[in-house]
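*Asks:* So in UniProt numbering, spot 149 of the sequence shown is number 149, and the numbers just go up one at a time. Idealized CB from N, CA, C, for every residue including glycine. Once you've had a glance at the structure underneath, I'll fire off some questions.
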Amino acid sequence: MTRLTAVLGDLTHQRVDVVVNAASNRMRGGGGVDGAIHRAGGPAILRDCIARFPDGIATGDAGWTTAGNLPARWVVHTVGPNYAAGQRDPSLLRSCYRRSLAVADSLGATTVAFPLISSGIFAWPLADAIEIAVDTIAATPATVDHVMIVTIDDATHRRVHAQILRRCPPSTEAGSVGALLDDPPTP
Numbered sequence: 001m002t003r004l005t006a007v008l009g010d011l012t013h014q015r016v017d018v019v020v021n022a023a024s025n026r027m028r029g030g031g032g033v034d035g036a037i038h039r040a041g042g043p044a045i046l047r048d049c050i051a052r053f054p055d056g057i058a059t060g061d062a063g064w065t066t067a068g069n070l071p072a073r074w075v076v077h078t079v080g081p082n083y084a085a086g087q088r089d090p091s092l093l094r095s096c097y098r099r100s101l102a103v104a105d106s107l108g109a110t111t112v113a114f115p116l117i118s119s120g121i122f123a124w125p126l127a128d129a130i131e132i133a134v135d136t137i138a139a140t141p142a143t144v145d146h147v148m149i150v151t152i153d154d155a156t157h158r159r160v161h162a163q164i165l166r167r168c169p170p171s172t173e174a175g176s177v178g179a180l181l182d183d184p185p186t187p
């Protein structure tokens with residue numbers, strides 16, 4: 001079973017096989033998580049995005065590139081729905097998590113670090129984004145050993161951890177639950 005944990009820290013510092021990027025359809029970098037991953041990973045990520053996804057990718061889909069200078073092996077890019085622009089179908093958000101895990105599985109990844117997809121610039125309501133993330137990851141069959149949901153602020157971290165405890169109590173066989181602290185965000 002996949003272990004699911006909440007991590008307080010910087011997504012770009014996670015030493016995992018796969019870091020998931022909340023990308024834009026064009027796959028050319030941008031703001032928020034997407035911009036942070038492209039800045040930290042360097043130009044190799046953008047070059048790989050252009051080569052692998054010349055036409056971008058659809059909302060709800062996912063694909064992988066090199067991780068460049070990140071401490072991960074790969075970046076799995078997924079395009080979440082833009083709630084602020086009227087894309088409010090939760091099945092698209094669930095698809096981001098499912099497709100990202102499927103791509104991670106195809107790469108042979110054992111550890112994956114996710115952001116809360118669509119909860120930043122795309123303005124998906126936070127409580128709903130947390131519930132969808134945790135519930136979808138917990139319900140998706142995968143060979144990945146450990147999935148982390150990485151947040152940069154303590155309040156969100158606590159909410160993610162609480163949802164994990166609700167969805168996957170430590171006494172069940174649905175996976176173990178924990179809270180890890182990583183590099184705290186720089187003020």
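Quick one: is residue 122 near chain B, going by C-beta distance under 8 Å?
*Replies:* Protein chain content of the structure displayed is limited to a single chain, and chain B is not contained in it.
*Asks:* Looking at C-alpha atoms only, which residue of 49, 97, 22 is the closest neighbour of residue 142?
*Replies:* If we check each option's Cα against that of residue 142, 97 comes out closest.
*Asks:* Taking C-beta to C-beta, are residue 59 and residue 48 nearer than 8 Å?
*Replies:* No, the pair does not count as a contact, with Cβ atoms beyond the cut-off.
*Asks:* Taking the beta carbon of residue 41 as the centre, do at least 16 other beta carbons fall within 10 Å, making it buried, or is it exposed?
*Replies:* Buried is the call here.
*Asks:* Could you tell me whether the Cβ atoms of residue 63 and residue 52 are closer together than 8 Å?
*Replies:* It is a contact, given that the beta carbons lie within the stated cut-off.
*Asks:* Taking residue 118 as the reference, which of 154, 77, 147 has the closest Cα?
*Replies:* For residue 118, the nearest C-alpha among the options comes from 77.
*Asks:* Here's the rule I'm using: 16 or more other beta-carbon atoms within 10 Å means buried, otherwise exposed. How should residue 12 be labelled?
*Replies:* Residue 12 comes out buried.
*Asks:* With DSSP as the reference, please indicate the residues paired to residue 147 in a beta bridge.
*Replies:* Looking at the DSSP assignment, residue 147 forms a beta bridge with 4, 112.
*Asks:* Please specify which runs of the beta strand (DSSP E), each continuous and at least 3 residues long, are wholly inside the segment 11-46, giving them in chain order.
*Replies:* Fully enclosed beta strand (DSSP E) runs of 3 or longer: 18-23.
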